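Undergrad:
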Amino acid sequence: MTWVPNQWYVAAWDSEVDRAPLARTICGEPIMLYRRFDRSPVAMRDACPHRLLPLSMGIKEGDDIRCRYHGLLLDSCGQVKEMPLKADRLNPAVAVQTYPVVERHRFLWVWVGEAAKADPDLVPDLWPCSAEGWAFDGGYYHLDCDYRLAIDNLMDLTHETYTHQGSIGQMEILEAPIVTRAVGNEVFVERWMPDIDAPPFWRDALRRDGNVDRWQICQFIPPSSVIIDVGVAPVGSGATPESHDQGVRGFVIDALTPESENSCHYFWGMSRNFDTADTGFTARFRAQQGGVFLEDVEILEAQQRSINANPDLKLRGYNIDEGGVKSRAIIKRMIRAQEEPAPEAKERIAAE
Ligand code: FES
Ligand SMILES: [Fe+2]
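When the letters of the sequence shown are read in order and numbered with the working numbering, they come out as residues 6 to 357.
(1) Using only CA atoms, which one of 96, 135, 74 lies nearest to residue 18?
(2) Report buried or exposed for residue 24, applying the criterion of at least 16 other Cβ atoms within 10 angstroms of its Cβ.
(3) Within this structure, are the beta carbons of residue 275 and residue 225 separated by less than 8 Å?
(4) Quick one: measure Cβ to Cβ for residue 228 and residue 8, integer angstroms, because I've assumed they're closer than 8 Å.
(5) By the three-class DSSP mapping on this structure, what secondary structure does residue 164 have?
(6) Three or more C-beta pairs under 8 Å: does that hold for the region 46-55 against the region 149-165?
(7) Given 8 Å as the limit, is there contact between the region 209-217 and the region 178-186, that is, 3 or more CB pairs closer than that?
(8) So the candidates are 250, 257, 235, 47; which of them puts its Cα closest to the Cα of residue 84?
(9) Which class does residue 330 belong to by DSSP, given the choice of helix, strand or coil?
(10) Helix, strand or coil for residue 35, going by three-state DSSP, please let me know.
(11) Which residue comes first and which comes last in the beta strand (DSSP E) that contains residue 12?
(12) Beta-carbon distances below 5 Å to any heavy atom of ligand 1 define the shell here; list its residues in chain order, please.
(13) Taking the alpha-carbon of residue 51 as reference, which of 70, 294, 41 has the nearest alpha-carbon?
(14) Given this structure, state the Cα-to-Cα distance separating residue 74 from residue 61, to the nearest angstrom.
(15) Looking only at its chain, what residues have a beta carbon closer than 6 Å to the beta carbon of residue 78, apart from the 5 residues adjacent to it on each side?
(16) Nearest to residue 130 by alpha carbon, out of 259, 149, 207, 321?
(17) Less than 6 Å between C-beta atoms, sequence neighbours within five positions excluded: which residues of the same chain meet that for residue 105?
(18) Could you tell me if the beta carbon of residue 163 falls within a distance shorter than 7 Å of some heavy atom in ligand 2?
(19) Please report the straight-line C-alpha distance between residue 44 and residue 323, rounded to a whole angstrom.
(20) In the DSSP assignment, the alpha helix (DSSP H) including residue 271 goes from what residue to what residue?
(21) Could you tell me which residues DSSP puts in a beta bridge with residue 49?
(22) In the DSSP assignment, what are the bridge partners of residue 128?
(23) Buried or exposed: residue 125, going by 16 or more other Cβ atoms within 10 Å of its Cβ?
(24) Provide the residue(s) that pair with residue 232 in DSSP beta bridges, ordered along the chain.
(25) Distance, Cα to Cα, residue 209 vs residue 253?
(26) Would you check whether ligand 2 has a heavy atom nearer than 7 Å to the C-beta of residue 259?
(27) Okay, do the region 283-300 and the region 313-320 touch, 3+ Cβ pairs below 8 Å being the bar?
(28) Determine, using beta carbons only, whether residue 211 and residue 237 come nearer to each other than 8 Å.
(29) Out of 239, 257, 242, 245, point me to the one whose CA is closest to residue 231's CA.
(30) For the beta strand (DSSP E) holding residue 114, just list the boundary residues, first then last.
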């Protein structure tokens, strides 16, 4: 398995899910999402307990769902309410698996693994998506590639210069040194560009001329998100890599959710702390960002096809790949930690 079990994964944007079922495979499990009348979200295995027809093809009856094949009726907790033959006795063993689901930071998160371990406090802290004073919006792409290739891509922005040649690429990104460090289960790749000419986008946002300090700090948050702290501050305003709220700032948000070993869901967006009430800006930026990320989609899917076509060749890591390599090492460590028996169990085995 290439993903970490017993984690919260983004299953959908909050706005994608309503009364009608949405089918989406998360970490290899077909799941159906919908909302009850009180707007609370439901995540249910997308397979009828009878003959496994996807329940997402079914008929909503209030908060319940009726299978479109033989009419089994299930409530929103996954319990049977009516058997196909009305005369049949209700068998309480007839049920469909439901998943813990929470709504946070504008996304619906589904817990994939043992439900008893689902703790809402463990939802990855994508705070810029929901914090006061920040404006956030974005979109969704389906990617035909291993989600870890997308993480590699986001943890190494040198690709901007070539992949995004026609849009946001800039030579100066290649000139700035990068510092990569792992802190606990997170990885930071930091690029600090002091005293440079502000690119047009940031000069407009800052609303003043003159040189700036510019930064790009990629942060891998397990199990599969990357947020990129970007912005500029006027030179001499005291901005440092640790603290930089003197100018204008944004966070590029990227939540990757594995669908299968070779495909994933990409939830992307941008949160910013300037011109936050300007909804026109939000819409224009979203369209522009969507265009830039389509350039990544083309690269990542072609890379996956090439990996599949060259099974005898290995991926190599150069210096620029350190962020991705460290992130993958954390993912691997977290997967292994779940595979190992718990310490008491180990002791018991040793004592036997
Ligand atoms: S397959 Fe759903 S009721 Fe038969
Ligand atoms: Fe990119």
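Where is the CB? At the ideal position from N, CA and C, for every residue including glycine.
Nothing here was measured: the structure is a model prediction, and the numbers come from that model.
TA: So, from the data block:
(1) The sequence position of residue 18 within the sequence shown is 13, counting from 1. Comparing Cα positions, the closest option is 135.
(2) Looking up residue 24 in the sequence shown gives position 19. Residue 24 comes out exposed.
(3) As a working note, residue 275 is residue 270 in the sequence shown. As a working note, residue 225 is residue 220 in the sequence shown. At least 8 Å separates the beta-carbon of residue 275 from that of residue 225.
(4) Position 223 of the sequence shown, counting from 1, holds the residue named residue 228. Position 3 of the sequence shown, counting from 1, holds the residue named residue 8. With 8 Å as the limit, residue 228 and residue 8 qualify as a contact, their Cβ atoms being about 7 Å apart.
(5) For this step, residue 164 is matched to residue 159 along the sequence shown. Correct three-state label for residue 164: helix.
(6) Because the criterion of three Cβ pairs below 8 Å is not met, the region 46-55 and the region 149-165 do not touch.
(7) In short, these stretches do not touch, since the Cβ pair count stays below three.
(8) The residue you call residue 84 lines up with position 79 of the sequence shown. In terms of Cα proximity to residue 84, the closest of 250, 257, 235, 47 is 47.
(9) On the sequence shown, position 325 is the one that residue 330 refers to. In the three-state reduction of the DSSP assignment, residue 330 falls in the helix class, which pools H, G and I.
(10) On the sequence shown, position 30 is the one that residue 35 refers to. Three-state DSSP puts residue 35 in a strand.
(11) Taking the sequence shown and counting its residues from 1, the one referred to as residue 12 is at position 7. Its beta strand (DSSP E) spans residues 12-18.
(12) That gives 53, 55, 56, 58, 72, 74, 75, 77.
(13) Within the sequence shown, the letter at position 46 stands for residue 51. The candidate whose alpha carbon is nearest that of residue 51 is 70.
(14) On the sequence shown, residue 74 is found 69 positions in, with the first residue counted as 1. On the sequence shown, residue 61 is found 56 positions in, with the first residue counted as 1. Cα to Cα, residue 74 sits roughly 12 Å from residue 61.
(15) Residue numbering aside, residue 78 sits at position 73 when the sequence shown is read from its first letter. Once the five neighbours on either side are set aside, the close Cβ partners of residue 78 are 69, 71, 86, 87.
(16) If you number the sequence shown from 1, residue 130 lands on position 125. From the listed residues 259, 149, 207, 321, the smallest Cα separation to residue 130 is found for 259.
(17) The residue labelled residue 105 in the question sits at position 100 within the sequence shown. Closer than 6 Å at Cβ, skipping near neighbours: 116, 120, 123.
(18) For the purposes of this step, residue 163 is taken as the residue at position 158 of the sequence shown. No, ligand 2 has no heavy atom inside 7 Å of this Cβ.
(19) The residue given as residue 44 occupies position 39 in the sequence shown. The residue given as residue 323 occupies position 318 in the sequence shown. Computed Cα separation, rounded: 48 Å.
(20) Stepping through the sequence shown from its first residue, residue 271 is reached at position 266. Per DSSP, residue 271 belongs to no alpha helix (DSSP H); it is in the beta strand (DSSP E), 268-277.
(21) Start at 1 with the first residue of the sequence shown, and residue 49 comes out as number 44. DSSP output for residue 49 lists 37, 103 as bridge partner(s).
(22) On the sequence shown, position 123 is the one that residue 128 refers to. Per DSSP, none; premise fails for residue 128.
(23) To locate residue 125, count along the sequence shown from 1; it is residue 120. Exposed, by the Cβ-count rule.
(24) If you number the sequence shown from 1, residue 232 lands on position 227. 224, 258.
(25) Position 204 of the sequence shown, counted from the start, is the residue given in the question as residue 209. Position 248 of the sequence shown, counted from the start, is the residue given in the question as residue 253. C-alpha of residue 209 to C-alpha of residue 253: approximately 10 Å in a straight line.
(26) Along the sequence shown, read from residue 1 onward, the residue named residue 259 stands at position 254. No, since every heavy atom of ligand 2 falls outside the 7 Å radius drawn around the Cβ of residue 259.
(27) They do not touch, by the three-pair rule.
(28) Locating residue 211 in the sequence shown gives position 206, where the first residue counts as 1. Locating residue 237 in the sequence shown gives position 232, where the first residue counts as 1. Taking 8 Å as the cut-off, the beta carbon of residue 211 is found closer than this to the beta carbon of residue 237.
(29) Your numbering for residue 231 matches position 226 in the sequence shown. The residue with the shortest Cα to Cα distance from residue 231 is 257.
(30) As a position in the sequence shown, residue 114 is number 109, starting the count at 1. Unbroken beta strand (DSSP E) run through residue 114: 112-117.
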